[in-house]
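Input: a single structure, listed below in C-alpha cells.
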Amino acid sequence: MVGTVANLVNTIIGSGVLALPSCAAKTGWAMAVILLVGSALITWVGVYLLTLCAHHLGGDKTSFGAVASRTYPWMMVVVDLCVFAVTFGVCVAYLTIAAGILPTSVQQFAPSLAPESFILKNWVWLLICWGLFAAPLATLKSVRILGYTSALAVLCVVYTTGVVIAYATGLLDPCDKQLPEGMVCRGDVVAFSPNASGILTSIPVFLTAFCCATTIFNIYNDLQRPTVRRMNLATIGCMAICALQYLVVALAGYLTYGSNVAGNILDSFPVEIWATIARIGTAFVVTVSYPLLMHPARDAIVHAVNVCAGGRFTGSNVLFYTVATVLNVLALGLAFFNVPLDLILSITGSIGTVNLSITIPFIFFYKLFEDDNGVMRKLCIPGAVVGIVASVVCAYYSIVPLF
1 MVGTVANLVN TIIGSGVLAL PSCAAKTGWA MAVILLVGSA LITWVGVYLL TLCAHHLGGD
61 KTSFGAVASR TYPWMMVVVD LCVFAVTFGV CVAYLTIAAG ILPTSVQQFA PSLAPESFIL
121 KNWVWLLICW GLFAAPLATL KSVRILGYTS ALAVLCVVYT TGVVIAYATG LLDPCDKQLP
181 EGMVCRGDVV AFSPNASGIL TSIPVFLTAF CCATTIFNIY NDLQRPTVRR MNLATIGCMA
241 ICALQYLVVA LAGYLTYGSN VAGNILDSFP VEIWATIARI GTAFVVTVSY PLLMHPARDA
301 IVHAVNVCAG GRFTGSNVLF YTVATVLNVL ALGLAFFNVP LDLILSITGS IGTVNLSITI
361 PFIFFYKLFE DDNGVMRKLC IPGAVVGIVA SVVCAYYSIV PLF
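If you want it as C-alpha cells, here you go:
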C-alpha cells in the first residue's frame, strides 16, 4: 500500500508545481486554497469512478481501451487526444523551463558576463537541451533507463519547496537582486481577486497538478489484492500529500512576491547559490523527463491515427518515426516562443486534464453501470456536462488573450 501511494505521488508531483504561486497571484491566496482543495476532491472523484470501472471489468489488464470497448469504442480516440494534449503540452513546458532558467544559472558562476552574451540566450540552451538530450531520447521506442528520473523529480520538487519556504520565512533574502528603477520586489497580496478570467485560467493548472487519470489503471493492475477500498486509501493518501505540498508552495511563493511573482517561481528568485541549485536540478530533471512524456504523446497520436485508419498502420515504423519526428520538431518550435509556464499548463489543462479528470470518468461510469440507480449514476450526466462546459470556457479564456 505504501508503495502504491509512493508511485502515485511520483506520477502526480512534477514541475507544474512551479506555476502554482503565479496562479495564486491571479486568484488571491484564499481562493487558491479553495481551488486547490476543490481540484483535489474533483480529481479524486474522477479517479474513484475509474477505479469502479476497473473493478467492474476485473483482471489485471484494465485500461482506458478496455473500458471504452465495453462502453463507447469511439471514446478511445477522445481519450488519446486528451492524453496527447496533457503530455505534449507538458513537454513544451519542460523545454521552456530548461531554456529559461539555465541562463540565470550561468550568471551565478560568471557574474561578469554581459547581458547580451551568446551563452545567456534562451534559444542557445533550448537547442542544447533539445538537440543533445530530449529529442534523441524521445525517438527511442523504450526509455526504461530513465525510470529513475521520477524519483529525482520528486527530490528536486522537495528541495525547491524548501527553498521557497526559506525565502518566504526570511531565512534567505528573496529580494537580493538589482531591480529596474521604479520596480519593487513584492507586489500586492489579496485574499480574493476580482479577476474572473484569472480564476478560470488557473483552474486547469490546479487540476493538472493533481491529474493521474492516465496511470490509474496501471496502478490498479499492479496493486496486490486490488479492491476499491484499497485503491481509495491509496488515492486519498496521495491526494492529501500532494495537496499539502502544493498549498505550501503556492502560498509561500505568492506571499513572498505578491502580484509580482513570475509564471515560474524560479524566475522570481535572485541569482544566488541555493536558488541556482534548484534551477540546475530542475533543468536536468525536466530535460531527461521530456522523453517520458513525449512517448505517451506520440503513442496516443499513433493509436488515434491507426484507429481512424481501421488498423492499417499496426506496427508501422514509418508512422511511428514520422509522428515522433513531427512532434519533437513541433515542441521545439513552440518552445522558441517562450510562452509562460502557467499559460501552457492552462491551455493544455483546459483541453486535456479537465476532460480526463471530470468528463470521461462520468461518461464511462454512466454507460458501464446501466443497472445502477444510485446517486452517483444520476450525477453522471450533469457531471459530464459540467466537465465539457468547464473545458470550453477555460480554454476560451486561456487562448483568446493570445490573439
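Numbering (UniProt numbering), first residue to last: 1 to 403.
Every residue, glycine too, gets a C-beta built ideally from N, C-alpha and C.
Among Tyr48, Val77, Ile13 and Ser105, the one whose alpha carbon lies nearest that of Ile273: The residue with the shortest Cα to Cα distance from Ile273 is Ser105.
With burial defined as no fewer than 16 other Cβ atoms inside 10 Å of the residue's Cβ, what is the status of Val163: buried or exposed? Its Cβ being crowded by 16 or more others within 10 Å, Val163 is buried.
At 4 residues or longer, what runs of the alpha helix (DSSP H) sit wholly inside the region 96-150? You should have 122-128 and 135-138.
State whether the region 50-67 contacts the region 361-370, with contact taken as three or more CB pairs (one from each stretch) at a distance under 8 Å. They touch, by the three-pair rule.
Which residue's Cα is closest to the Cα of Ala283: Met75, Val78 and Tyr94? It is Tyr94.
In the DSSP assignment, find the alpha helix (DSSP H) that holds Lys367 and state where it starts and stops. It spans Ile360 to Leu368 - the alpha helix (DSSP H) in which Lys367 sits, taken as one unbroken run.
Leu330: buried (16+ other C-beta within 10 angstroms of its C-beta) or exposed? So Leu330 counts as exposed.
Check whether the Cβ of Thr51 lies closer than 8 Å to any heavy atom of the ligand MN, and answer yes or no. In the structure shown, the ligand MN is absent, as is every other ligand, since no ligand is present at all.
If Thr62 and Ala297 are in contact, beta carbons under 8 Å, what's the gap, nearest whole angstrom? The beta carbons of Thr62 and Ala297 sit about 22 Å from each other, so the pair does not count as a contact at 8 Å.
Please state the DSSP three-state secondary structure of Arg312. Judged by DSSP in its simplified three-state form, Arg312 adopts coil rather than helix or strand.
Tell me which same chain residues have a C-beta within less than 7 Å of the C-beta of Thr161, skipping the five on either side of it? The beta carbon of Thr161 lies closer than 7 Å to those of Gln245, Val248 and Val249 in the same chain, with the five residues before and after it left out.
Beta-carbon spacing of Ala243, Leu36 below 9 Å: Yes. Within cutoff.
Ile280 versus Val189, Gln107, Met75 and Ala54, residue with shortest Cα-Cα distance: Ranking Val189, Gln107, Met75 and Ala54 by CA distance to the CA of Ile280 puts Gln107 first.
Quick check: what's the CA-CA separation for Met376 versus Val77? About 25 Å.
Give me the Cβ distance between Trp44 and Ile236, rounded to the nearest whole Å; I'm assuming they're in contact under 8 Å. Confirmed, Cβ separation roughly 7 Å.
Give a yes or no on whether the C-beta atoms belonging to Ser117 and Asp188 are separated by under 9 Å. No, Cβ-Cβ distance for Ser117 and Asp188 is not below 9 Å.
Residues in its own chain within less than 6 Å of Asn328 by CB, not counting five upstream and five downstream? Excluding positions up to five away in sequence, the list reads Ala135 and Ala138.
Taking 6 Å as the limit between beta carbons, can you name the residues of its chain near Thr348, skipping five residues before and five after? If the five residues before and after Thr348 are omitted, its C-beta is found closer than 6 Å to the C-beta atoms of Ala85, Val86 and Gly89, all from its own chain and listed in chain order.
Assigned secondary structure, Ile277 (DSSP; H/G/I helix, E/B strand, else coil): For Ile277, the secondary structure class from DSSP, reduced to helix, strand or coil, is helix.
Identify the continuous alpha helix (DSSP H) that holds Pro382 and give its terminal residues. Annotation: the continuous alpha helix (DSSP H) that includes Pro382 extends over Cys380 to Ile399.
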